[in-house]
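Numbering (this note's numbering), first residue to last: 112 to 343.
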């Protein structure tokens with residue numbers, strides 16, 4: 112397990128002056144205890160960094176695996192070793208729309224022609240979750256996407272549900288962290304288990320990466336309050 116990230120935060124008085132509405136949340140959670148509110152805010156910043164790191168690792172692994180199995184699917188269907196699944200004409204409209212948006216964003220970066228890798232880099236976390244949604248069970252999950260999680264449940268419908276649930280939880284967590292929503296009432300240890308299960312369903316190597324790099328459990332255990340609603 113990696114050490115908890117050290118983050119230096121300004122004095123509470125400064126934060127209260129600069130962002131009173133945001134800091135009032137921590138004061139309320141700390142029962143008006145200013146020292147505890149400052150500790151809770153500092154913890155929250157470490158938690159957000161840990162969330163972004165763990166979810167980033169998961170996104171990189173998941174998108175790489177799904178892209179890989181979709182590429183193999185396109186090759187199998189066409190017999191063309193250079194086939195690109197992104198250009199298939201039978202993709203669901205929602206997937207095609209997301210890919211067009213990613214292609215456009217990649218093009219705005221300038222430079223040479225947009226490559227497959229460029230498009231992948233501009234697809235959102237939520238895009239990859241689409242491949243685990245019930246509406247695409249027969250069109251995307253059964254033909255290809257389930258192979259990205261070979262160690263998941265033997266029943267492919269259950270596997271899809273499990274993966275979708277874990278991805279959804281981590282996506283919401285990352286969005287909360289990105290939008291500065293306080294995380295002290297989130298069970299980060301449970302979120303680590305979601306991340307670890309996802310990685311384990313992909314491969315032992317992926318699971319090992321999450322085990323050795325994620326600090327979610329350590330941050331969870333370092334929460335200044337066992338229950339933020341019972342401040343002393």
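All C-beta atoms, glycine included, are put in the ideal place defined by N, C-alpha and C.
Beta-carbon proximity list for residue i, same chain, < 7 Å, skipping 5 on both sides
| i | result |
| --- | --- |
| residue 253 | 267 |
| residue 288 | 159, 162, 163 and 294 |
| residue 255 | 180, 181 and 184 |
| residue 155 | 293, 294 and 295 |
| residue 227 | 195 and 197 |
6 Å Cβ shell around residue i - same chain, five flanking residues per side excluded
| i | result |
| --- | --- |
| residue 131 | none |
| residue 229 | 217 |
| residue 113 | The pLDDT assigned to residue 113 is 49, lower than 50, so where the model puts this residue is not dependable; a value taken from the coordinates is nonetheless given after this. Counting only Cβ-Cβ distances below 6 Å, and skipping sequence neighbours, we find 324 and 326. |
| residue 234 | 213 |
| residue 166 | 281 and 285 |
Whole-number beta carbon distance between residue j and residue i, since they are thought to touch under 8 Å
| i | j | result |
| --- | --- | --- |
| residue 172 | residue 319 | Not confirmed; about 11 Å, so no contact. |
| residue 278 | residue 243 | 6 Å |
| residue 299 | residue 321 | That pair is no contact at about 13 Å. |
| residue 306 | residue 169 | 5 Å |
| residue 284 | residue 303 | Their Cβ separation, rounded to whole angstroms, is 10 Å, which puts residue 284 and residue 303 out of contact at 8 Å. |
| residue 129 | residue 336 | With 8 Å as the limit, residue 129 and residue 336 do not qualify as a contact, their Cβ atoms being about 24 Å apart. |
Residue i to residue j span [Cα, whole Å]
| i | j | result |
| --- | --- | --- |
| residue 181 | residue 274 | 17 Å |
| residue 241 | residue 125 | 43 Å |
| residue 146 | residue 140 | 12 Å |
| residue 174 | residue 138 | 39 Å |
| residue 157 | residue 251 | 37 Å |
| residue 238 | residue 177 | 11 Å |
| residue 122 | residue 332 | 24 Å |
| residue 312 | residue 127 | 44 Å |
| residue 202 | residue 148 | 50 Å |
| residue 210 | residue 276 | 23 Å |
| residue 206 | residue 334 | 40 Å |
| residue 196 | residue 232 | 16 Å |
| residue 246 | residue 309 | 21 Å |
| residue 188 | residue 258 | 16 Å |
| residue 190 | residue 249 | 22 Å |
Chain B within 8 Å of residue i, Cβ atoms only
| i | result |
| --- | --- |
| residue 307 | Absent from the structure: chain B. Only one protein chain is present. |
Same chain, Cβ closer than 8 Å to residue i, five either side skipped, listed in chain order
| i | result |
| --- | --- |
| residue 198 | none |
Original post:
Are at least three pairs of beta-carbons, each pair with one atom in the region 255–271 and one in the region 209–229, less than 8 Å apart?
Top reply: no
Original post:
Hey, is the region 291–298 in contact with the region 247–262, meaning 3+ C-beta pairs nearer than 8 Å?
Top reply: no
Original post:
Which residue spans inside the region 134–199 form an unbroken alpha helix (DSSP H) run of at least 4?
Top reply: 145–189
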